[in-house]
Structures are given as C-alpha cells and as structure tokens.
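Residue numbers (our numbering): 53 to 590.
Don't be surprised by glycine CBs; every beta carbon is placed ideally from N, CA and C.
Since we're looking at a predicted model, the values are computed, not measured.
See structure below.
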C-alpha cells in the first residue's frame, strides 16, 4: 500500500474510532445513571477485568495485546471521569498502575512469568502491570529503545535475546558479564542496566532443597544458554569439580573456555558422583519421553536436577526418584529469579517467604494440572460456568461431558432422551468417561451417578459435589426447554433427594453454593484443593 493510501485509510479508521468513542462515553453515563438509581456500585473492578480479558481474546496479533490492554485501561479511566463529571459523582477509583514491566522474547505462548510477577505484586503490594512482548528477530537490535519510549520500568529477557541485548545496555553487572547473558533489565532515568537473575534463582533453588555445593562433584548436561548461569554459580560457590557434558565438544569449548568438557561417550565411563543437572530441553513437549542420559547412569548420583518445570516431573526425574535420588525441577528457580528481578526493580529486598509462598502455591497448581477434577451435582448448579472459571484460573483444559456427547452423537441431549431413552444416554456418559482421560476440569451431567457403572468409575476419581437448594435450582431451570427430566418442582425435589446420597458418597469435596457468587464458589473449591486464592493471578 502506498503512503497516501495508508494515510487515507488511517483517517477513515480514526473517524470510526472517534465516533465510537463518543457513543461509548454517552452509554457509560446511561449505565452510571441506572446504577445510581438502583443503588449499585459505579465502579466494579472484577467486571472491568472480565471485559478486558474478553476483548483481548479478539486480538489476533499477540504482540499488540499489551498495547490493547493499556488502551482499554485508559478509556475505562476516562469513562469513570466522564461519569463523575456528568452526574456530579464523587467516585474514588484506583489510579492506573504506576509501574510497567514485561517479558520480551521471540515466542512466549506458555510463559508463567506473568503469573509469578502478579503474585509478587500482590504479596509486596506493588502497583504495576506485567505483560508479554513477542519481538521478531528483525526488531531485536533496537528493542530497548522501543521499550524506553513506551515508559517501561523493567524487563525480563528470554531466548534468543539474552545475549543480543547486551550491546544495547548502558551498564551490565559483573555476574551478567561473567555469564555472558542478561535476563533482567532495569530502565531508570532513560538508562538501561542489565543483570542475570538466573544465577541467583539457581542458587536459591539448591538452598531451598538443601543441596550442598562446596566440595561436591557436579555434571551439567547441555551446552546451551541455560548452562552458563549454572556453571558460574557452582564454580563461585566452591564445587570440587564441575564437568560439562555435550555432544559437540569443539563448539562448547569456544563458549566455555574455562570449563572441563566431556562428550557422552566419556560420560559413560564416569565414576559415581554427587549431582547431575539437566539444562537441555529433553523431556519437554513434544519429547516428554526423551532421556538426556542412559538409565543405568542415573544410579551413579545422589541428586538429580532438571531445569524443566513443565512437565512438573520429566521422565528423567521420575526415574531418578524411583532410583532413590533427591529430585528437583526448575520451578523454584523460575520463581526465585523473578523475585530477584523484582527486588532489583524495586530497590529493596523481600523476605524469602515471598518466594516460598509463590513456589508452594504454583507447585500445587502444576501438580493439579497432571490430574482431572470432576464437578458433580444436580442440574442447575452451574457446573459448566464454574468449571470454565476454575479451568481458567488453574490453566487447565475444560470439558463438558454433555457437550462432548452431543458433538459425538450429533444429537442434542433432549433428542437422545426422546429417541433412545435415558439408559442409552447413561451408557454414552460411561463411554465418554472412559475415552476422556486427559487432565482437565470436567463438568458432568446431573444424573450421571444414576448408572452404577458411572458411579463406580467416578468413585476412583477426584470429584467435587456442587449443591444448592431446590428453590434456587428450580428457578434456574424451569423454563429451559432443552433440559430433559425437569418436570414439576415436587418431582424435581424427589429426584434430588434420591440422588443426594450418591453425590455425597462419590465426592470427597462438598461445596454448598447457597447465597454464593461464582467467584466465591470457585474460591471455596480452590481452598479445599489446598490452593491459596489470594495468590491466584490469571
């Protein structure tokens, strides 16, 4: 597109934006009037959060999402100002976050960094935002100037830019120079300062797990960027011997000049030692079954460390644990390096409890993601709505067994009941339970336990009973023509009473929903699962 054509197009878009902005501002005043007349709160932060998340889902370009989020935050603040002005309201609203942070990298789809930093914000009462910025390689050489222009206070850097950003920095600390990689940047007074917090994160992980370093022998697998901070820390803390194991010794010697390097043939002839550390991606998707070393060599060690944290236990760590080794994944390192980065940005130390609380909560969530949770309860208890929210917070997949059956049978539930009968449907539910065995949050049909085979199967799984009073349930479903077996309130009550014992004996967690919002129900479920809701950050 030519320059003039592009400018004409932008002018047309701007005109649409301005017209829609004017329309939106008038509508928010109408909404404020309604809320005022009905004694409702003008400012509803939870709803604003939901609206922003919903709208961000429409953005196809991931690199634009943080900009879109900032735009929405800005016009929501303007909306509240306009409401207050037009209606003479005295509305106290929180200011926009004063500090801006981000993770920059080439591909960031599955990063947990946002979760960790938002948890730090909550525990340390920091007003800030943390987003992901995917930077194409052709933009990487000028990325820091762009981030300064956007008024960022701090950045984390991941592959492949930990080395590329170094020439762009005004200052690099000694540890980052030694390692040759920067993963944390502070932007202050238009100057950029580079650090490596992986070094501290690795050390904190060893300390938390009571792994000795001084006087011990270590073998480090892999000669990539992750190995640099591991080698530096072990040497600095007095390890008796540190050997790097790689397939290409010649290439590795160019990057690790002062390190003893062996190949995997030489590794096959080693003597028993203290610890082995995997810094390679072997064990991650799509190579979850891959092993970085031969099975028989694992037994040569007392400690096995894998910097991978997803999956929470790689094949390497699973076998090491079976062999009696102390096993450690990289999750604590992830949290500890993030806490160290935030300390640099804030200019103060945090208590170690901050790291421990976030790690322990995140560790429970990661283990939860390897399991399945089944929501059970009578029709109208909101299993689907609650299941979706729970899955969102835990970062898990959500599956509605009714929807799955409708899709596979190519018929609605009501059509199946009308043409095939209830017993046939219950058998379809059993088939679904047997086929759907991937870790997920499952919402089940209200009558799933009336079929003995389903009851017996679900008794062996993690089930949660959502219960509510008949008055509430009947009001929710009485006009839903798509639900079979609704009938009269009296008939519904009798059916609920008949199923109550099955729900209670099949489920190990019972949640009484009476007078609770969806948010409160989900909070209660998380609490019962041992997850602290106040550290939930999605």
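Can you give me the C-alpha to C-alpha distance between residue i and residue j, rounded to a whole angstrom?
i: residue 348; j: residue 419; result: 27 Å
i: residue 200; j: residue 393; result: 18 Å
i: residue 590; j: residue 189; result: Any answer about residue 590 is weak, because its pLDDT of 46 lies below 50 and its placement is not dependable; what the coordinates show is given next. Rounded to the nearest angstrom, the two C-alpha atoms are 28 Å apart.
i: residue 331; j: residue 208; result: 20 Å
i: residue 567; j: residue 582; result: 23 Å
i: residue 182; j: residue 167; result: 9 Å
i: residue 180; j: residue 214; result: 24 Å
i: residue 437; j: residue 573; result: 11 Å
i: residue 595; j: residue 62; result: Within the shown structure, residues of the chain are numbered from 53 to 590, placing residue 595 beyond reach of any answer.
i: residue 397; j: residue 178; result: 11 Å
i: residue 308; j: residue 287; result: 13 Å
i: residue 197; j: residue 85; result: 45 Å
i: residue 610; j: residue 433; result: Past the boundaries of the shown model lies residue 610; the chain is included only from 53 to 590, so the question cannot be answered.
i: residue 449; j: residue 302; result: 44 Å
i: residue 265; j: residue 416; result: 28 Å
i: residue 96; j: residue 569; result: 15 Å
i: residue 192; j: residue 186; result: 10 Å
i: residue 518; j: residue 562; result: 6 Å
i: residue 481; j: residue 542; result: 26 Å
i: residue 263; j: residue 171; result: 26 Å
i: residue 465; j: residue 477; result: 8 Å
i: residue 404; j: residue 272; result: 27 Å
i: residue 491; j: residue 275; result: 33 Å
i: residue 338; j: residue 366; result: 12 Å
i: residue 439; j: residue 551; result: 21 Å
i: residue 523; j: residue 579; result: 27 Å
i: residue 554; j: residue 505; result: 12 Å
i: residue 547; j: residue 100; result: 40 Å
i: residue 138; j: residue 82; result: 10 Å
i: residue 212; j: residue 483; result: 45 Å
With DSSP as the reference, label residue i as helix, strand or coil.
i: residue 451; result: strand
i: residue 199; result: helix
i: residue 280; result: helix
i: residue 88; result: helix
i: residue 385; result: helix
i: residue 328; result: strand
i: residue 590; result: In this prediction, residue 590 has a pLDDT of 46, which is less than 50 and means its spatial position is unreliable; what the coordinates show is noted afterwards. Correct three-state label for residue 590: coil.
i: residue 369; result: helix
i: residue 351; result: coil
i: residue 82; result: helix
i: residue 540; result: coil
i: residue 53; result: coil
i: residue 391; result: helix
i: residue 263; result: coil
i: residue 357; result: strand
In the DSSP assignment, find the beta strand (DSSP E) that holds residue i and state where it starts and stops.
i: residue 293; result: 293-297
i: residue 154; result: 151-157
i: residue 515; result: 514-519
i: residue 226; result: Looking at the DSSP string, residue 226 is not in any beta strand (DSSP E); the run it does join, the alpha helix (DSSP H), is 226-231.
i: residue 182; result: 180-186
i: residue 239; result: 236-240
i: residue 244; result: 243-247
i: residue 207; result: 206-209
i: residue 580; result: Here residue 580 belongs to no beta strand (DSSP E); instead the alpha helix (DSSP H) covers 570-580.
i: residue 312; result: 312-314
i: residue 378; result: 378-380
So is residue i in contact with chain D if we call contact Cβ pairs under 8 Å?
i: residue 369; result: Absent from the structure is chain D; it holds one protein chain and no more.
Go to residue i, then tell me how far its alpha helix (DSSP H) extends in each direction, as first and last residue.
i: residue 44; result: Because the chain is modelled from 53 through 590, residue 44 falls outside the range shown and cannot be assessed.
i: residue 173; result: 165-176
i: residue 270; result: Counting along the chain, residue 270 falls outside any alpha helix (DSSP H), though it belongs to the beta strand (DSSP E) covering 269-273.
i: residue 302; result: 301-307
i: residue 564; result: Where residue 564 is concerned, there is no enclosing alpha helix (DSSP H), although the beta strand (DSSP E) it sits in stretches over 561-564.
Would you grab the beta carbon distance between residue i and residue j for me? Rounded to a whole angstrom, and I think it's under 8 Å.
i: residue 251; j: residue 229; result: Actually they do not touch by this definition, with Cβ atoms about 12 Å apart.
i: residue 297; j: residue 270; result: The Cβ separation is near 10 Å, so there is no contact.
i: residue 253; j: residue 386; result: 7 Å
i: residue 327; j: residue 355; result: 4 Å
i: residue 377; j: residue 353; result: 6 Å
i: residue 456; j: residue 514; result: So it is not a contact: roughly 19 Å between Cβ atoms.
key: Any beta strand (DSSP E) of 3 or more consecutive residues that is wholly inside the stretch 402-466   = 425-428 and 450-452
key: 3-residue-minimum beta strand (DSSP E) runs that sit fully inside the stretch 463-507, ordered along the chain   = 493-495
query = What are the uninterrupted segments assigned as alpha helix (DSSP H) that are 4 or more residues long and contained completely in the stretch 109-143, given in chain order?
reply = 117-139
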